[in-house]
Amino acid sequence: MKKWMSLLVFVLIIGLVLSGCVGRKKEPEKGAPGQVQKQDKYGGTFKGRLAADPPTLDPAYITDTTSSQVANNIFDGLVQYDENLNVVGAIAKDWDISDDGLVWKFYLRKGVKFHNGREVKAEDVEYSFTRLLDPKTKSPRAWLFDNVKGAKAFQNGEADRVEGFKVIDDYTFQITLEEPFTPFLSVLAMTNASIVPKEEVEKYGEDFTSHPVGTGAFKFVEWMHDDHVTLEAFEDYFEGRPYLDKIVFRIIPEDSSAFAEYEQGNIYDLTTIPDGQIERVLNSDEFKDELIKKPQLGVYYIGLNTTKPPLNNKKVRQAINHAINKELIAEVLRHGTVIPAKGILPPGMPGYNKDLKALEYNVEKAKKLLAEAGYPNGIPGEIELAYNTSKGHQMIAEAVQSDLKKIGINVKLVNMDWGAYITKVDNGDTQMFRLGWIGDYPDPDNFLYVLLHSSNAGPGGNGSFYSNPEFDRLTEKARGMKPGPERIKLYQQAEQIAVNDAPWVPIYYYTNLILRKPFVHGYMVTPLGVMPLKTVWLSENK
1 MKKWMSLLVF VLIIGLVLSG CVGRKKEPEK GAPGQVQKQD KYGGTFKGRL
51 AADPPTLDPA YITDTTSSQV ANNIFDGLVQ YDENLNVVGA IAKDWDISDD
101 GLVWKFYLRK GVKFHNGREV KAEDVEYSFT RLLDPKTKSP RAWLFDNVKG
151 AKAFQNGEAD RVEGFKVIDD YTFQITLEEP FTPFLSVLAM TNASIVPKEE
201 VEKYGEDFTS HPVGTGAFKF VEWMHDDHVT LEAFEDYFEG RPYLDKIVFR
251 IIPEDSSAFA EYEQGNIYDL TTIPDGQIER VLNSDEFKDE LIKKPQLGVY
301 YIGLNTTKPP LNNKKVRQAI NHAINKELIA EVLRHGTVIP AKGILPPGMP
351 GYNKDLKALE YNVEKAKKLL AEAGYPNGIP GEIELAYNTS KGHQMIAEAV
401 QSDLKKIGIN VKLVNMDWGA YITKVDNGDT QMFRLGWIGD YPDPDNFLYV
451 LLHSSNAGPG GNGSFYSNPE FDRLTEKARG MKPGPERIKL YQQAEQIAVN
501 DAPWVPIYYY TNLILRKPFV HGYMVTPLGV MPLKTVWLSE NK
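Just so you know, the sequence shown maps onto residues 1 to 542 in UniProt numbering.
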């Protein structure tokens with residue numbers, strides 16, 4: 001059996017286990033010392049790694065995992081995920097939902113403080129959420145609240161406030177929706193829905209990204225671009241002071257360099273293992289107490305800009321899909337640690353369709369489709385494939401380049417640093433581009449609506465500028481339905497439409513393959529990635 005097939009079975013089984021483990025007592029962490037007094041856990045600096053300089057630390061603008069990796073430690077929202085992906089209270093201690101699913105009333109904890117010392121009030125929630133919707137903010141995540149009553153009128157300048165946001169009193173905030181939205185509570189757990197202090201945003205303006213102030217377990221200290229970001233413990237954190245004194249995220253773009261730093265003990269975790277080291281990490285005893293291997297709700301894909309010739313021709317896009325050998329990429333380039341992708345929704349995600357009709361690897365069919373598209377002798381000139389700087393991304397881009405050459409498509413590879421790259425994708429200035437998506441919340445809405453609905457074209461998430469009215473209709477309808485088979489059916493229909501239209505080449509589904517030092521404890525990983533570091537403590541190297 002191929003490695004990735006074993007992995008698929010593992011992911012599906014673990015997905016079932018995760019869905020049934022709510023309320024179970026957590027098992028003691030493997031390798032943790034026996035009885036450690038709480039006071040002995042305090043102190044030390046956690047040294048982490050960022051794969052790129054974050055484009056922003058302002059929650060209103062975050063669309064990438066690098067920025068989230070830092071910001072999730074600085075900010076809190078009304079709610080958050082626990083380690084089993086249950087939505088639990090954060091700034092809000094409790095909430096009520098009306099029977100029709102339209103009115104959500106949140107009760108805030110008293111005594112929650114911003115890093116500047118001021119207490120959080122319901123007015124701060126209204127400000128933060130309104131800021132996300134405000135056209136002046138130009139947030140790529142305004143869609144979080146596009147279903148709130150009066151949101152469109154506010155965005156169109158027809159109202160000076162959002163009707164569906166209401167401050168009841170200092171510690172009670174109410175949200176009214178236009179129609180029910182099943183994953184709304186999960187949406188509120190996203191980094192973009194973090195609560196920010198108005199006075200600090202207005203003080204710094206656009207530079208708030210370089211002076212972020214939140215309520216999180218760690219306060220911002222400094223950001224030396226392309227070198228490091230430093231955070232320190234917030235003594236007045238509402239859940240109690242975190243164990244760590246500081247976090248230093250070092251910015252190390254090259255995976256091989258980061259691996260060397262990890263081996264030397266200069267960083268304490270590594271969320272991307274370089275391709276040349278994967279076999280060693282998986283098969284040697286030296287990493288057996290450091291390796292974390294868990295399912296991840298994510299997909300790696302090549303986006304095809306559907307507005308750019310010749311990619312505006314569906315048959316060309318389908319031909320590209322059929323020409324790329326995803327199994328070879330998964331087995332050889334990723335050493336069987338990932339699962340070749342058939343579609344958009346990853347295994348373990350509600351709505352994952354094992355019977356999806358994929359555009360399978362078939363070179364002859366690819367050539368036939370190109371001929372039908374008007375290119376019997378291949379496509380003249382070059383098509384650009386852009387990717388952000390990384391040896392792993394480069395190897396995959398080169399494999400795609402080689403595969404497409406076999407059907408008469410010449411690909412020009414262009415690599416650039418992450419900040420410039422994501423701007424280029426968001427602006428629609430690419431033909432082909434590589435991206436990955438790790439779920440913000442475990443619902444098909446977060447993949448299908450967010451990444452492919454026409455209203456999210458560009459920085460909203462739909463970098464392919466894909467538009468299909470029937471796809472839009474199905475995903476819009478599913479958003480307001482109650483959980484169940486009928487809702488899942490609509491998402492599966494929408495996914496099949498998108499796969500047939502081919503705005504992407506789905507390459508593989510991610511798995512978490514993470515290294516962390518044995519003296520690092522309380523380090524939690526879920527299918528959505530690494531959790532904030534507020535539970536982490538060090539038994540050595542403080």
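Just so it is clear, CB atoms sit at the ideal spot from N, CA and C, and this is done for glycine as well. Please read all numbers here as calculations on a predicted model, not as lab measurements.
Requested in this report: Kindly give me the distance between the Cβ atoms of Thr307 and Phe465, rounded to whole angstroms, as I take these residues to be in contact under 8 angstroms.
Outcome: Their Cβ separation, rounded to whole angstroms, is 5 angstroms, which keeps Thr307 and Phe465 in contact under 8 angstroms.
Extent of the continuous beta strand (DSSP E) run through Tyr510: Segment Trp504 to Arg516, the beta strand (DSSP E) holding Tyr510.
Give the single residue among Phe249, Ala502 and Pro442 whose Cα lies nearest to the Cα of Phe218.
Of the candidates Phe249, Ala502 and Pro442, the one whose C-alpha sits nearest the C-alpha of Phe218 is Phe249.
Could you give the DSSP three-state label for Arg317: helix, strand or coil? The three-state secondary structure of Arg317, taken from DSSP, is helix.
- Query: Does the distance from the C-beta atom of Asn116 to that of Pro197 stay below 9 angstroms?
  - Reply: Going by beta carbons, Asn116 and Pro197 fall inside the 9 angstroms limit.
The beta strand (DSSP E) with Ile422 in it runs from where to where?
Where Ile422 is concerned, there is no enclosing beta strand (DSSP E), although the alpha helix (DSSP H) around it starts and stops at Trp418 to Asp426.
Q.
At the level of alpha carbons, what is the spacing between Phe145 and Leu282?
A. Going by the C-alpha atoms only, they are around 43 angstroms apart.
- Contact between the region 85 to 105 and the region 299 to 316 (3+ Cβ pairs under 8 angstroms): As far as the Cβ criterion goes, the region 85 to 105 does not touch the region 299 to 316, which means the pair count is below three.
- Query: Roughly how far, in whole angstroms, is the beta-carbon of residue 599 from the beta-carbon of Ile324, given that I think they are within contact range, below 8 angstroms?
  - Reply: Here the chain covers residues 1 to 542 and nothing more, so residue 599 does not appear.
Supposed close pair Phe184, Trp95 - CB separation, criterion 8 angstroms: About 11 angstroms separates the Cβ atoms of Phe184 and Trp95, ruling out a contact at the 8 angstroms cut-off.
Nearest-angstrom beta carbon gap, Leu297 and Pro442 [assumed within contact, 8 angstroms]: About 6 angstroms; that satisfies the 8 angstroms criterion.
Worksheet item: If you compare alpha carbons, which of Pro350, Gln401, Thr430 and Arg317 is closest to Gly374?
Response: With distances taken between Cα atoms, Gly374 lies closest to Arg317.
Between the alpha carbons of Thr215 and Thr337, how many angstroms are there, rounded? Each residue's alpha carbon lies about 37 angstroms from the other.
Measure how close the beta-carbons of Leu448 and Ile344 come, nearest whole angstrom, since I'm counting them as under 8 angstroms.
Between Leu448 and Ile344 a beta carbon distance of about 6 angstroms is seen, short of the 8 angstroms cut, so the two are scored as contacting.
Which runs of the beta strand (DSSP E) at least 3 residues long sit entirely within the region 441 to 470? Give them in chain order. Correct list: empty.
### Query
If you check the beta carbons only, do Asn468 and Leu359 fall under 9 angstroms apart?
Not in contact: Asn468 and Leu359 (Cβ atoms no closer than 9 angstroms).
Given Asn321, which residues of its chain have a CB within under 7 angstroms of its CB, disregarding the five upstream and five downstream residues? Contacts found: Leu359, Ala502 and Val505.
message = Between Leu177, Val120, Gly77 and Glu123, which has its C-alpha nearest Met190's C-alpha?
response = It is Gly77.
Review point. Where does the unbroken beta strand (DSSP E) through Gln80 begin, and where does it stop?
Key: Taken as a continuous stretch (DSSP letters only), the beta strand (DSSP E) holding Gln80 covers Val79 to Tyr81.
- At which residues does the alpha helix (DSSP H) containing Leu185 begin and terminate? First-last of the alpha helix (DSSP H) with Leu185: Phe184 to Val187.
- Query: How far does the alpha helix (DSSP H) with Gln496 in it reach, from first residue to last?
  - Reply: Pro485 to Asp501 is the extent of the alpha helix (DSSP H) around Gln496.
Open item on the list: Counting C-beta neighbours from all protein chains within 10 Å, is the total for Val201 16 or more, i.e. buried, or is it exposed?
Closed with: By the 10 Å Cβ count, Val201 comes out buried.
What's the C-alpha gap between Pro33 and Glu199? Low local confidence applies: a pLDDT of 41 at Pro33 is under 50, so the model's placement there is unreliable, and no value is given.
Measuring only the C-alpha atoms, how far is Leu291 from Asp226?
In this structure, the alpha-carbon of Leu291 lies about 27 angstroms from that of Asp226.
TODO: Apply the 10 Å Cβ neighbour rule to Ala52 and answer buried if 16 or more other Cβ atoms are within range, or exposed otherwise.
DONE: By the 10 Å Cβ count, Ala52 comes out buried.
For the alpha helix (DSSP H) holding Arg131, just list the boundary residues, first then last. For Arg131, the enclosing alpha helix (DSSP H) begins and ends at Ala122 to Leu133.
query: Quick one: what's got a C-beta closer than 7 angstroms to Lys110's C-beta in the same chain, skipping five residues either side?
result: Spatial neighbours of Lys110 in its own chain (CB-CB distance under 7 angstroms, excluding positions within 5 residues in sequence) are listed in chain order as Tyr171.
According to DSSP, simplified to helix, strand and coil, what is Phe208?
In this structure, Phe208 counts as helix in the three-state DSSP scheme.
> Under a three-way DSSP split, which group does Arg141 fall into?
Replying inline: Three-state result, Arg141: coil.
Margin query: Let me make sure I understand the geometry here. Which of Leu451, Ile252, Ile91 and Glu372 has the alpha-carbon closest to that of Pro54?
Written below: Of Leu451, Ile252, Ile91 and Glu372, the residue nearest in Cα terms is Ile252.
**Report entry** The alpha helix (DSSP H) enclosing His115, as first and last residue numbers
**Finding:** Where His115 is concerned, there is no enclosing alpha helix (DSSP H), because DSSP gives it neither an H nor an E.
Exercise for the section: Starting from Lys367, trace the alpha helix (DSSP H) both ways and give me its first and last residue. Expected result: For Lys367, the enclosing alpha helix (DSSP H) has its first and last residue at Val363 to Glu372.
Please list the segments of the alpha helix (DSSP H) lying wholly inside the region 57 to 107, counting only runs of 4 or more residues, in order along the chain.
Here the runs fully enclosed are 65 to 74.
Taking all protein chains shown into account, do 16 or more other C-beta atoms lie within 10 angstroms of the C-beta of Ala60, making it buried, or fewer, making it exposed? With a threshold of 16 other beta carbon atoms within 10 Å, Ala60 meets it and is buried.
- Task: Please check the pair Leu244 and Val536, which I expect to be a contact at CB under 8 angstroms, by giving their CB distance rounded to whole angstroms.
- Result: Yes, they are in contact, since the Cβ atoms of Leu244 and Val536 sit about 6 angstroms apart, within 8 angstroms.
Could you tell me the distance, in whole angstroms, from the CA atom of Ala193 to the CA atom of Asn446? Their backbone Cα atoms lie some 15 angstroms apart in a straight line.
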